[in-house]
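Numbering (our numbering), first residue to last: 145 to 375.
Structure first, then comments.
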């Protein structure tokens, strides 16, 4: 199997012709333009933190899996592309335009890039900025990128979506339902009804405040992004 087919074995693991009826040339692994753009994006990401050592290429091949016959050519392209970060936006725009009808594929590419960024054990702020910029150029929403970031890097205990126990790109109705359920579960009146000591009631009150604050933060952020439903 040629590299052009094999490169998409993970990045496009959920994509088939039924999902991508308008994708040029059939599956992305059969499209040299896809393979070239993905290779360049991975190489230029490796340059972002200034090190660009062999570890990133090893991570790249884990995700995009070139076949042995094609790997030397891909390694040469990778080495050439990683000399500078300049030009990565043009590759991302080209990929976004070519695969605009395949948003899952584009998200899978960002997944693969996260894997490369993590390969040296640290994802720097510059690498995060690169990944976020690529996701923006791919047309992904800020909330979708936030979900991917949480998937790969985890979320803080004070993250409002973690407090509400919903993914960052859950719809407004799901967020609202989660808020109501969480608030009901910790409502201080339930602690009082069970005859619990004052200390337990204080804890319940603090939890309720945190849940309400998380919900307010989520909805405020969504309004600022223009993503919250009206009404």
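All C-beta atoms, glycine included, are put in the ideal place defined by N, C-alpha and C.
Contact belief for residue i with residue j at Cβ below 8 Å, rounded distance in angstroms
{"i": "residue 185", "j": "residue 236", "result": "6 Å"}
{"i": "residue 275", "j": "residue 294", "result": "Not confirmed; about 13 Å, so no contact."}
{"i": "residue 313", "j": "residue 287", "result": "4 Å"}
{"i": "residue 336", "j": "residue 345", "result": "6 Å"}
{"i": "residue 310", "j": "residue 299", "result": "Actually they do not touch by this definition, with Cβ atoms about 11 Å apart."}
C-beta atoms of residue i and residue j nearer than 8 Å
{"i": "residue 332", "j": "residue 354", "result": "no"}
{"i": "residue 304", "j": "residue 254", "result": "no"}
{"i": "residue 259", "j": "residue 203", "result": "yes"}
Counted within 10 angstroms of its Cβ, other Cβ atoms place residue i as buried (16 or more) or exposed
{"i": "residue 317", "result": "exposed"}
{"i": "residue 188", "result": "buried"}
{"i": "residue 244", "result": "exposed"}
{"i": "residue 266", "result": "exposed"}
{"i": "residue 181", "result": "buried"}
{"i": "residue 256", "result": "buried"}
{"i": "residue 341", "result": "exposed"}
{"i": "residue 183", "result": "buried"}
{"i": "residue 368", "result": "exposed"}
{"i": "residue 334", "result": "exposed"}
{"i": "residue 169", "result": "With a pLDDT of 47 at residue 169, under the threshold of 50, the predicted position of this residue should be treated as unreliable, though the coordinate-derived value follows. Looking at its Cβ environment, which holds fewer than 16 other Cβ atoms inside 10 Å, residue 169 is exposed."}
Given residue i as reference, the closest of the options once Cα atoms are compared
{"i": "residue 234", "options": "285, 278, 334 and 359", "result": "278"}
{"i": "residue 178", "options": "268, 370, 252 and 291", "result": "252"}
{"i": "residue 268", "options": "176, 192, 365 and 366", "result": "192"}
{"i": "residue 248", "options": "228, 273 and 285", "result": "285"}
Contacting residues, own chain, Cβ-Cβ under 8 Å from residue i (five flanking each side not counted)
{"i": "residue 437", "result": "A question about residue 437 goes unanswered here, because the residues of the chain that appear run from 145 up to 375."}
{"i": "residue 238", "result": "177 and 181"}
Contact set for residue i: own chain, Cβ-Cβ below 7 Å, skip 5 residues either direction
{"i": "residue 323", "result": "308, 355 and 359"}
Residues near residue i in its chain [Cβ-Cβ closer than 6 Å; skip 5 each side]
{"i": "residue 290", "result": "312"}
{"i": "residue 296", "result": "258"}
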